[in-house]
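J.:
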Amino acid sequence: MSDWIRVEAVEALLPSEFRVVWDGDTAIAVYNIDGDYYAVEDRCSHDDGELAGGELHGHEVECPRHGARFDVRNGEALCAPAYEPIAKFPVRVEDGVIWTRDDR
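In terms of my numbering, the sequence shown opens at residue 12 and continues consecutively.
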């Protein structure tokens with residue numbers, strides 16, 4: 012289990028925005044959705060493409076390559092062509108800073 016990784020100051024990550032941080036060789040996309048923060052692996056389970064930058068639809072991120080959708084709250088795959096979930100990671104806010112980590 013790794014140490015917590017600093018994402019961004021709370022005021023710098025506005026609603027509907029995201030940041031990608033790295034925990035070792037794992038890219039983690041952290042989303043602000045209406046003031047709540049969610050972190051998932053920035054990797055589509057269909058073809059390993061990046062998810063960050065894909066359109067947000069509520070709590071769903073759409074893969075920009077083939078249109079698969081994932082729920083950022085739990086990593087669940089919501090439609091084809093993805094059938095496997097993506098990893099979800101913990102998020103904490105401390106002293107005005109957002110943190111995450113790959114806790115697998």
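From the three backbone atoms N, C-alpha and C, an ideal C-beta is built for every residue, glycine too.
(1) Mapping DSSP to helix, strand and coil, what is VAL108?
(2) Have a look at ASP59, GLY60 and GLY78 and flag the residue whose alpha-carbon is nearest the alpha-carbon of HIS68.
(3) Report all residues from its chain with a CB closer than 7 Å to the CB of ALA88; omit the five preceding and five following residues, and keep chain order.
(4) What is the rounded straight-line gap between the Cα of VAL51 and the Cα of GLU19?
(5) Excluding the five sequence neighbours on either side, which residues of its own chain have a C-beta within less than 6 Å of the C-beta of ASP34, listed in chain order?
(6) Return yes when the Cβ of ALA38 is within less than 7 Å of the Cβ of ASP53, no when it is not.
(7) Under three-state DSSP, which class holds GLU22?
T.: Reading off the structure:
(1) Of the three classes helix, strand and coil, the one that applies to VAL108 here is strand, per DSSP.
(2) Among ASP59, GLY60 and GLY78, the Cα nearest to that of HIS68 is on GLY78.
(3) SER56, ALA79, PHE81, TYR94, GLU95 and PRO96
(4) 16 Å
(5) SER13, ILE16, ARG112 and ASP113
(6) yes
(7) Assignment of GLU22 by DSSP, reduced to helix, strand and coil, places it in the helix class.
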